[in-house]
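Numbered per the numbering used here, the sequence shown spans residues 43 to 191. Shown next, in structure tokens, is the structure this report addresses.
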Amino acid sequence: MHPSLAAVETAMVSIRRSQTRRALARSGPPSGVDPAVFDVVDAVEGLRDRATVTAVAAALDVAQPRASKLVAAAVEAGWVRREADQDDGRRSLLVRTPAGLALCERVHAARRARFAAATAGWTPAEVETFAQLLTRFVAGLTETAGQRH
Numbered sequence: 043m044h045p046s047l048a049a050v051e052t053a054m055v056s057i058r059r060s061q062t063r064r065a066l067a068r069s070g071p072p073s074g075v076d077p078a079v080f081d082v083v084d085a086v087e088g089l090r091d092r093a094t095v096t097a098v099a100a101a102l103d104v105a106q107p108r109a110s111k112l113v114a115a116a117v118e119a120g121w122v123r124r125e126a127d128q129d130d131g132r133r134s135l136l137v138r139t140p141a142g143l144a145l146c147e148r149v150h151a152a153r154r155a156r157f158a159a160a161t162a163g164w165t166p167a168e169v170e171t172f173a174q175l176l177t178r179f180v181a182g183l184t185e186t187a188g189q190r191h
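Written out as structure tokens, the structure reads:
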């Protein structure tokens, strides 16, 4: 095993702890937006045209009843709406509303500003290399997650 993997683990644990303590909250949803409800909007964005309550439950790693309550709150807040699935009339798809799209854009801008500040002393080539390697790393984590027993 490569000795630098210990440094990767330390960095990843540090990121997880920062997220857990909400130290990165400035790059999360704006104040007044329930983070749990924003997680639904964020999941719907990631799921694209396959967003259902069941898919949101899986994406958030919560039980179906909890996901249903969170989705209902996101709908009530006006961030998400339900649409009939044209392929299966028994199912509803979740779609971000214009307000939900705008919310996501504000959060993306805040996150990118935070990342820009963190890499302010880096060269453009270093940022590009980091982006490529991090993307590849996350893809590898995603691939190996399905292989666990």
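No residue lacks a Cβ here, since even glycine has one placed at the ideal position from N, Cα and C. Since the model is a prediction, treat every value here as computed from it, not as a measurement.
Item                                                                                                                                               : Value
Would you check whether the ligand NAP has a heavy atom nearer than 7 Å to the C-beta of G120?                                                     : In terms of ligand content, the structure shown is empty, and the ligand NAP therefore cannot be addressed.
Would DSSP call R138 helix, strand or coil?                                                                                                        : strand
Return helix, strand or coil for V104, following the three-state DSSP convention.                                                                  : coil
In or out: V55 buried (at least 16 other Cβ within 10 Å) or exposed?                                                                               : exposed
Quick one: residues in its chain with C-beta nearer than 8 Å to the C-beta of G88, no 5 flanking neighbours on either side, listed in chain order? : A101
Span of the alpha helix (DSSP H) holding R178?                                                                                                     : 166-187
Am I right that V113 and V137 are in contact with their C-beta atoms under 8 Å? What's the rounded C-beta distance?                                : With 8 Å as the limit, V113 and V137 do not qualify as a contact, their Cβ atoms being about 12 Å apart.
Less than 8 Å between the CB atoms is what I'm expecting for A99 and A109, so what's the real figure, rounded?                                     : 3 Å
May I have the straight-line CA-CA distance separating E51 from A158, to the nearest angstrom?                                                     : 23 Å
Indicate whether A116 and V82 have their beta-carbon atoms separated by less than 8 Å.                                                             : yes
Output the distance between the C-alpha atoms of G182 and D103, rounded to the nearest integer angstrom.                                           : 20 Å
How do the region 159-173 and the region 133-147 stand: do at least 3 beta-carbon pairs fall below 8 Å, yes or no?                                 : no
For the alpha helix (DSSP H) that contains A85, what are its first and last residues?                                                              : 77-89
According to DSSP, E118 sits in a beta bridge with which residue or residues?                                                                      : Paired residues: none, contrary to the question.
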